[in-house]
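**Student:**
Protein chains in written order, with the numbering used here: chain A, 25 to 257; chain B, 60 to 301.
1. Out of curiosity, what's the CA-to-CA distance linking residue 202/A and residue 126/A?
2. Evaluate residue 189/A with the Cβ neighbour count: other Cβ atoms within 10 Å of its Cβ, from every protein chain shown; 16 or more gives buried, anything less gives exposed.
3. Any beta carbon of chain C sitting closer than 8 Å to that of residue 228/A?
4. Closer than 9 Å, Cβ to Cβ, to anything on chain B: give me those residues from the segment 42-61 of chain A, in chain order.
5. Taking 8 Å as the CB-CB cut-off, is residue 108/B touching chain A?
6. What three-state label does DSSP hand residue 86/A in the structure shown?
7. So, for residue 249/A: in the same chain, excluding its five sequence neighbours on each side, which residues have a beta-carbon less than 6 Å away from its beta-carbon?
8. In whole angstroms, what is the alpha-carbon distance linking residue 118/B and residue 181/B?
9. Under a three-way DSSP split, which group does residue 112/B fall into?
10. Please decide whether residue 201/A counts as near chain B, where near means a Cβ-Cβ distance under 8 Å.
11. Using Cβ-Cβ distances below 9 Å, what residues of the segment 135-167 of chain B are close to chain A?
12. From the DSSP output, in three-state form, read off residue 118/A for me.
13. Are there 16 or more other CB atoms within 10 angstroms of the CB of residue 78/A, so buried, or fewer, so exposed?
14. Mind checking residue 187/B: buried by the 16 CB within 10 Å criterion, or exposed?
15. Using the rule of at least 16 other Cβ atoms within 10 Å of the residue's Cβ for burial, across every protein chain shown, is residue 66/A buried or exposed?
16. Measure the C-alpha to C-alpha separation of residue 207/A and residue 147/A and round it to an integer number of angstroms.
17. When DSSP labels each residue in this structure, what does residue 313/A get in the three-state scheme?
18. For the alpha helix (DSSP H) that residue 169/B lies in, which residues bound it at each end?
19. Name the residue from 118/A, 234/A, 240/A and 60/A whose alpha carbon lies nearest to the alpha carbon of residue 143/A.
20. For a contact defined as C-beta to C-beta under 8 Å, what are the partners of residue 131/B on chain A?
21. Anyone know if the C-beta pair for residue 132/A and residue 75/A falls short of 8 Å?
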């Protein structure tokens, strides 16, 4: 049954690509989100403006357009740079932007903007007294961040992160358009080749539902952990 | 001023991409995108109101199927839904003999169906949340006036639920505008489709995609300000009195 006209193994591989892509982009998005939130809350005027510009522009343009801009335009920009390196310094260095890297960078970049907003709200929700108490104990800013701000911020940020993750997971389907063999692309190819779209597309849809359900359960568990000491919710 | 016109003239003379013809492609793309998004939003909204009422019903045989529908459509990528409808529509027995076939054969209608079903699912959940958040006192007051269930729904619950749903619905409209970009995947020449065509023809990714990104950004802001204005008008009674 899992053979699916011989497409079964490739579909499974595609599911692996989807999962890797989603998890790596999430990691990048969280890092970018933390950086953006810090920049927006910083005292630097330029940093604040840059972070605001980033979150506004990214959230105003479709994911697919950004993805194409980065994938097609990114390769061109890289070529210009490597050509210049070759002409000026004779460095023979060629970088081929593959679809997977482009996918991770674009999706991470897009969701970094959303995460930034989530984290900003969560950081502001941490009681200022807690941070003052940390300083009073002589903790360094990094230690205050690690032991006090981050764990308490996560409590407020988790529902937002969970939401962003669900949207991110579905956004990974778009990489099939720029040529990455995730499970959507394999299923679409198989549908065209065999003229049996339901055989391939319905299991893929079910796989997305399964990943979503499992992650929902995981986030509920995390939420419980970060809420220890806050009485239930 | 003269300097400016010469500068602009030089700029336009040096560019082979933004000619009247390619601007025409973008314009056609804008028309297609607008039609697709507007129609799917309107039909989706009309579908979502009864679905949201059913979803808030206490009778499980009504609410459960609607829940399954919204769960599936919100839990899977729109691209998959589009593929299933685009590739799958042929397989409905006898559909090729009906009068619908010339329409369904083109990419526009399968895309419209997929987008409509998708936005209807999200809108249903938005409205359900708003209906559930109706203040108990309002319902009790309606009951005390002897209103029937349907009258109460029409006069009390829905009007206040629509207002509460407005901010979330504004986000859904923007989401739909952005999601419509995937229509270009099934050969439709929407805004993104036009950008892809121009990219392929001139091999100019930055010009093609940055220009279309700017158009989307303008559309997004237009929607954003429209909903802000609407909220200000419709939620005026909630503003603190000065």
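Cβ coordinates follow ideal geometry from the N, Cα and C atoms, glycine included.
This structure is a prediction, so every number in the text was calculated from the model and none was measured.
**Tutor:** Concretely, from the data shown:
1. 9 Å
2. buried
3. The displayed structure is made up of protein chains A and B, and chain C is not among them.
4. none
5. no
6. coil
7. none
8. 21 Å
9. helix
10. yes
11. 135, 136, 137, 138, 139, 140, 142, 143, 145, 146, 147, 149 and 150
12. coil
13. That one is buried.
14. buried
15. exposed
16. Residue 207/A and residue 147/A have their C-alpha atoms roughly 37 Å apart.
17. Beyond the ends of chain A as shown, which are 25 and 257, falls residue 313/A; an answer cannot be given.
18. 167-191
19. For residue 143/A, the nearest C-alpha among the options comes from 60/A.
20. 229 and 233, listed in chain order.
21. The answer is no: Cβ separation not under 8 Å.
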